[in-house]
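In what follows, a structure is listed as structure tokens, so that the remarks can point back to it.
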Amino acid sequence: MRFIVILFFITALFGCNTSSLSKAYQSYTTAKQHYIQAILNNNKKQKINSLKEIVKCGSFLDFNVSKYKKELNNLGYKKYKYVSKKVIPIKNPLKLESKYIKVISYYPLKIKLNSKMKVKYFTLVRNKKYYKIFDIYNAKLNKKISKRISQNIDLLIAQNNKNKVRVVLSNENKFKIRYSTKNHYLSVKFFDKPISKYQKPTHITKVPLKQKIIVIDPGHGGKDPGGIGFYSIKEKNVVLKIGLYLRDILKKRGYKVYMTRDKDYFVTLPNRTKFANRYHANLFISLHCNIIRGKNKVHGPTTYFLSPARTERASRVAKYENSAIGNLHTTNQQIVLNFLNKDRIIQSDKMAMDIQRNIIYNLRKHYKDIYDRGVRPAPFWVLVGTQMPAILIETGFLTNKKEASRLNNSLYQKRLATGIADGIDSYFRKNK
Ligand SMILES: [Zn+2]
811 MRFIVILFFI
821 TALFGCNTSS
831 LSKAYQSYTT
841 AKQHYIQAIL
851 NNNKKQKINS
861 LKEIVKCGSF
871 LDFNVSKYKK
881 ELNNLGYKKY
891 KYVSKKVIPI
901 KNPLKLESKY
911 IKVISYYPLK
921 IKLNSKMKVK
931 YFTLVRNKKY
941 YKIFDIYNAK
951 LNKKISKRIS
961 QNIDLLIAQN
971 NKNKVRVVLS
981 NENKFKIRYS
991 TKNHYLSVKF
1001 FDKPISKYQK
1011 PTHITKVPLK
1021 QKIIVIDPGH
1031 GGKDPGGIGF
1041 YSIKEKNVVL
1051 KIGLYLRDIL
1061 KKRGYKVYMT
1071 RDKDYFVTLP
1081 NRTKFANRYH
1091 ANLFISLHCN
1101 IIRGKNKVHG
1111 PTTYFLSPAR
1121 TERASRVAKY
1131 ENSAIGNLHT
1141 TNQQIVLNFL
1151 NKDRIIQSDK
1161 MAMDIQRNII
1171 YNLRKHYKDI
1181 YDRGVRPAPF
1191 WVLVGTQMPA
1201 ILIETGFLTN
1211 KKEASRLNNS
1221 LYQKRLATGI
1231 ADGIDSYFRK
1241 NK
């Protein structure tokens, strides 16, 4: 059995950076970002170019890109040809072949394959960890394997999809391997000491909180007062104060914190998200106050996470907060929303739940009548442009007399900010 995965061809043919999986993934997310920008700018040429990049990188990454291809065709671009990955098949098939791979040894790593299997190799650097990955196609796995196979290298073998088994070697530091796929074996040599009998294998170290970067986005500002409620309290002032308290609390707890505005000036929606992306934030929090005319009894905080789902209530709030985006056509909005990264939605949802729970818990310690409006999905534009988990907190209703005066009170603002900070802590403790 002798075959080579022709990675060079792919690199040469594709415009997207496919020198490693992490670079391709970077190009892919950047292209998606460009596409959203193109829709916001309503620029057809920019749309086509970014879609081409998405298709190129996405195909390389084995993502399903059919909807992007369809969108390209809708834009009148038909010339695009998808070049598939070339794999030279294994010769001299054995007569009796199992669909299942078999691990023969761990140090060095040796895995038995059959002649129908194909192997693709790539590397990846993510969250300061180094990965060497082998995808074995047309293969099955009996049971997931997860173990440390040398002093510093972790091994994970898992069924990646119906026909693909993924073998992942990872290390906190850069490491080298040598591999071959001769004679129906995938053999991987690595240059790391074996685990001694007396040494307990260490497991994934937690990323210290101080490495987490949070962007706080107090809504509105300057010429845009946001909602104006009882006692002429302005949303822009309330959310700025809560944001500043939140910044101080988070900084004390060791987070890196940036604010899209720390004074009373206007920031456009695209600039708010560009800001968050530039700092590679781990979390984006937009702060707002709610307004509901004619229903002055309605009160309580709500945490929204970005999602294409549209409930009537969410749409009402979103319409108001989205007004700064202005000229975007509704069908275009839906297209962008359908392209949202599912992973990010799930993370944002989890984060929203932790934060909402902690806001309510903290406030109820001091006030008996805090109403929990829960976590809701909503299509907020300020969240669409971000590349990290993003949530939007409607801290309360300025159209409710009692809540308006509370929201304007520094002690209440501090307690609210503490709740948000506790929620962030709780989320990061559970998710590395
Ligand atoms: Zn607002």
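Residue numbers (my numbering): 811 to 1242.
The beta-carbon is built from N, C-alpha and C at its ideal position, and this holds for glycine as well.
Quick caveat, the model's predicted, so the values are computed rather than measured.
So what's residue i in DSSP terms, helix, strand or just coil?
i: Q843; result: helix
i: G1031; result: strand
i: S1236; result: helix
i: M1069; result: strand
i: F944; result: strand
i: F985; result: coil
i: T1113; result: strand
i: D964; result: strand
i: L1221; result: helix
i: K1212; result: helix
i: K974; result: strand
i: C1099; result: strand
i: G886; result: coil
i: F870; result: helix
i: G1206; result: strand
i: P920; result: Residue 920 is actually Lys in this sequence, not Pro. Note: K920 maps to strand in three-state DSSP.
i: R1183; result: coil
i: I911; result: coil
i: K957; result: strand
i: L951; result: coil
i: V875; result: coil
i: I1165; result: helix
Among residues of its own chain, excluding the 5 on either side of residue i, which ones have a beta-carbon nearer than 8 Å to its beta-carbon?
i: G1229; result: I1165, N1168, I1169, I1170, Y1171, N1172, L1173
i: D1182; result: G1110, P1111, Q1166, I1170
i: K1051; result: S1220, Q1223
i: E982; result: K938, K939, Y940, N962, T1015
i: M927; result: I900, I911, I946, Y947, N948, A949
i: L871; result: L831, A834, Y835, Y838
i: N970; result: D945, R976
i: K986; result: F1000, F1001
Residues in its own chain within less than 7 Å of residue i by CB, not counting five upstream and five downstream?
i: I1156; result: none
i: K1003; result: S960, Q961
i: K877; result: none
i: A1214; result: G1039, F1040, Y1041, I1043, L1208
i: V1077; result: G1031, T1070, R1071
i: Y1055; result: Q1223, K1224, A1227
i: Y917; result: I959, S960, P1004
i: H1090; result: I1023
i: I858; result: L882, L885, Y887
i: R988; result: K999
i: S1236; result: D1164, N1168
Given that a residue counts as buried once 16 or more other Cβ atoms are within 10 Å of its Cβ, and exposed if not, what is residue i?
i: R1071; result: buried
i: R1216; result: buried
i: R1154; result: buried
i: R1186; result: buried
i: L885; result: exposed
i: S990; result: exposed
i: S1158; result: buried
i: G1104; result: exposed
i: N853; result: exposed
i: N973; result: exposed
i: Y1075; result: exposed
i: H1139; result: At H1139 the pLDDT is 49, less than 50, meaning the model places this residue with poor confidence and gives no usable figure here.
i: D1179; result: exposed
i: N827; result: buried
i: H1254; result: Residue 1254 falls outside the range modelled here, since the chain spans only 811 to 1242, and no answer is possible.
i: R1057; result: buried
i: G1053; result: buried
i: R936; result: exposed
Looking only at its own chain, which residues have a Cβ that is under 6 Å from the Cβ of residue i, when we skip the five neighbours before and after it?
i: Q856; result: A848
i: L920; result: Here residue 920 is Lys; the residue named in the question, Leu, does not match the sequence. Correct list, in chain order: I914, Y995, S997.
i: P1035; result: K1044, K1046
i: K954; result: A968
i: K909; result: K950
i: F818; result: In this predicted model, F818 has a pLDDT of only 32, less than 50, meaning its place in the structure is not dependable enough to derive any value.
i: Y1114; result: R1186, A1188, L1202
i: M1161; result: P1199, I1201, Y1237
If we define contact as Cβ-Cβ less than 8 Å, is residue i a contact residue for chain C?
i: V1025; result: Absent from the structure is chain C; it holds one protein chain and no more.
Can you give, in chain order, each stretch of the beta strand (DSSP E) that sits fully within the region 1044 to 1097 and has at least 3 residues? 1066 to 1069
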